[in-house]
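*Asks:* Right, I'll just put the structure down here and ask away after.
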Amino acid sequence: MVKLIHLADLHIGKKIDDYSLAEDQKFIFDKILELIDKENVEGAIIAGDVFDQKSPSQEAYELLDYFLTSLADRKIETFMIPGNHDSDERVGYARRPLSKTGIHIVSFAADSLNPVVWKGINFYLLPFVNRFDIGRALNEDFDDLETAFRDLVEKMNVDDSKCNIIVSHQAFNHDGNDPIRSSSENTEIGAVEYLPISLLNQFDYCALGHIHKKQNIGPKGRYPGSLLKYHSGEANQEKSFTILEIEGKQINVIEKEIKPLRDVRIIESSFADCIKGEESDDYIKFRLTDETKVSNVMAKLKEKYKHALSVEYPNISSVGNGANIEEKVNVEETPIKDLFAKFFKEQKGVELNENQAKTIERLLEELEEK
Ligand SMILES: [Mn+2]
């Protein structure tokens, strides 16, 4: 029997509000390494969104270096792809020499056609792709992602007599049932073109990444969930680590819980009770039940809660103060550049400046020409 750990959505370098999660991420990597030792895990899958940003910080690179080196020191065979947050080139840097130490990275769709074979198991490593990426890989033009994806998978010529695992970072659904996403993912990912998981029927296991809530997609697909809770919208999600036990074509999925260094949670109570409560290092969003606003509230909360995230007053009507008003937008009739400007303002709290607006217009024009 071979044991593998299936990880995804590490988002190394991620911040929650302005707090760096470097310490939390280092902590959880150490816990994963402990789990690997304890369970005699021999391989690791990292299914995309290795980094949080396309240009990772030096600190983020050092953290990935630490994790990969620790895996290589233990002779853990590692299979990694970039996700939509990653730069294909940056995650793929030094992939050829790295593969000689058992760290296999595939950064381009064309390289996914041939599997990496390890212990008799075929690993098809497919980076996050859009229809243009697949078009470039196959030298063809595609009108939509699903057709392109189907073509790509057919060209993999999967040998049914072997155990086949595909690693993929896309949004998959099963029988028309979309995966469950948190509200923060809905704003971040926006409207998504889902791919039916049935496109991957020939695989014995689909090691997925992209959706941050752990869940199975059909009988063979699984999102293991993100490394940590990355948003207060994920406060109620349980996180676990997915271990695969592989015997021939038989794959058994086991979940293991690991406690993070700090939790992400929501406290709903009056300000007076919050201040009376126990001190905590967790990342906390406050829903204050008070009916008048507390002055200088964040500074006061931070004396007790070092990582206070934000404050909401559910009992104070937002009308008049400009906050929390959800304007209804007619998406079909509003030009994309206006929708983007609105989205930008919602996310950043400031208007697009003239240069940014021009850049967006130019990019949208370029996209339309494609
Ligand atoms: Mn992600």
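Using the numbering used here, the first residue of the sequence shown is number 6, and each one after it goes up by one.
For glycine and all other residues, C-beta sits at the position ideal for the given N, C-alpha and C.
Treat the numbers as computed from the prediction; the structure is a model and nothing was measured.
Give a yes or no on contact between the region 40–50 and the region 278–295, applying the rule of three or more CB pairs nearer than 8 angstroms.
*Replies:* no
*Asks:* From what residue to what residue does the alpha helix (DSSP H) around V158 run?
*Replies:* Along the sequence shown, one-based indexing puts residue 158 at 153. Looking at the DSSP string, the run of the alpha helix (DSSP H) that includes V158 is 150–159.
*Asks:* Near S112, what residues of its chain come up, given a Cβ to Cβ distance below 8 angstroms and the 5 sequence neighbours on each side ignored?
*Replies:* For the purposes of this step, residue 112 is taken as residue 107 along the sequence shown, with counting starting at 1. Closer than 8 angstroms at the Cβ level, and outside the excluded window around S112, lie I86, P87, D93, E94, V96, G97, R100, P132.
*Asks:* Output the distance between the C-alpha atoms of Y129 and M161, rounded to the nearest integer angstrom.
*Replies:* To locate residue 129, count along the sequence shown from 1; it is residue 124. To locate residue 161, count along the sequence shown from 1; it is residue 156. Rounded to whole angstroms, Y129 to M161 spans 8 angstroms at the Cα level.
*Asks:* By alpha-carbon positions, which one of D268, T339, D35, K234 ends up nearest to K19?
*Replies:* Residue numbering aside, residue 19 sits at position 14 when the sequence shown is read from its first letter. Considering only alpha carbons, the answer is K234.
*Asks:* Which term fits D343, buried or exposed, when burial requires 16 or more other beta carbons within 10 angstroms of its beta carbon?
*Replies:* Within the sequence shown, numbered from 1, the residue matching residue 343 stands at position 338. Classification of D343: exposed, given that the 10 Å Cβ count is below 16.
*Asks:* Buried or exposed: where does P340 fall if 16 or more other Cβ atoms within 10 Å of its Cβ makes it buried?
*Replies:* The count along the sequence shown starts at 1 and reaches residue 340 at position 335. Answer is exposed; the Cβ neighbour count stays below 16.
*Asks:* Expressed to the nearest angstrom, what Euclidean distance is found between the alpha-carbon atoms of L372 and D42?
*Replies:* Indexing the sequence shown from 1 puts residue 372 at position 367. Indexing the sequence shown from 1 puts residue 42 at position 37. Spanning the two alpha carbons is a distance of roughly 48 angstroms.
*Asks:* Could you work out which residue in L69, M6, K59, I216 is closest to E28 when comparing CA atoms only?
*Replies:* As a first step, residue 28 is located in the sequence shown; it is residue number 23 there, counting from the start. The residue with the shortest Cα to Cα distance from E28 is L69.
*Asks:* Would you say A52 and A13 are within 7 angstroms of each other, going by their C-beta atoms?
*Replies:* By one-based count along the sequence shown, residue 52 stands at place 47. By one-based count along the sequence shown, residue 13 stands at place 8. In this structure, A13 lies closer than 7 angstroms to A52 by Cβ.
*Asks:* For K261, which beta-bridge partners are listed by DSSP?
*Replies:* The residue you call residue 261 lines up with position 256 of the sequence shown. Bridge partners of K261: F246.
*Asks:* Whole angstroms is fine: what's the gap from E198's alpha carbon to E190's?
*Replies:* To locate residue 198, count along the sequence shown from 1; it is residue 193. To locate residue 190, count along the sequence shown from 1; it is residue 185. Taking the straight line joining both Cα atoms gives about 14 angstroms.
*Asks:* Is any heavy atom in ligand 1 found nearer than 6 angstroms to the beta carbon of V14?
*Replies:* Within the sequence shown, numbered from 1, the residue matching residue 14 stands at position 9. First, the amino acid is wrong: residue 14 is Asp here, not Val. Flag set: Cβ of D14 near ligand 1.
*Asks:* Measure the alpha-carbon distance for E359 versus I365 and round it to whole angstroms.
*Replies:* The sequence position of residue 359 within the sequence shown is 354, counting from 1. The sequence position of residue 365 within the sequence shown is 360, counting from 1. Pairing E359 with I365, the inter-Cα distance amounts to about 10 angstroms.
*Asks:* Would you grab the beta carbon distance between L213 and I222 for me? Rounded to a whole angstrom, and I think it's under 8 angstroms.
*Replies:* For the purposes of this step, residue 213 is taken as the residue at position 208 of the sequence shown. For the purposes of this step, residue 222 is taken as the residue at position 217 of the sequence shown. Confirmed, about 7 angstroms.
*Asks:* So, I263 versus F246, is the Cβ gap smaller than 7 angstroms?
*Replies:* Here residue 263 refers to the residue found at position 258 of the sequence shown. Here residue 246 refers to the residue found at position 241 of the sequence shown. Taking 7 angstroms as the Cβ cut-off, I263 and F246 qualify as a contacting pair.
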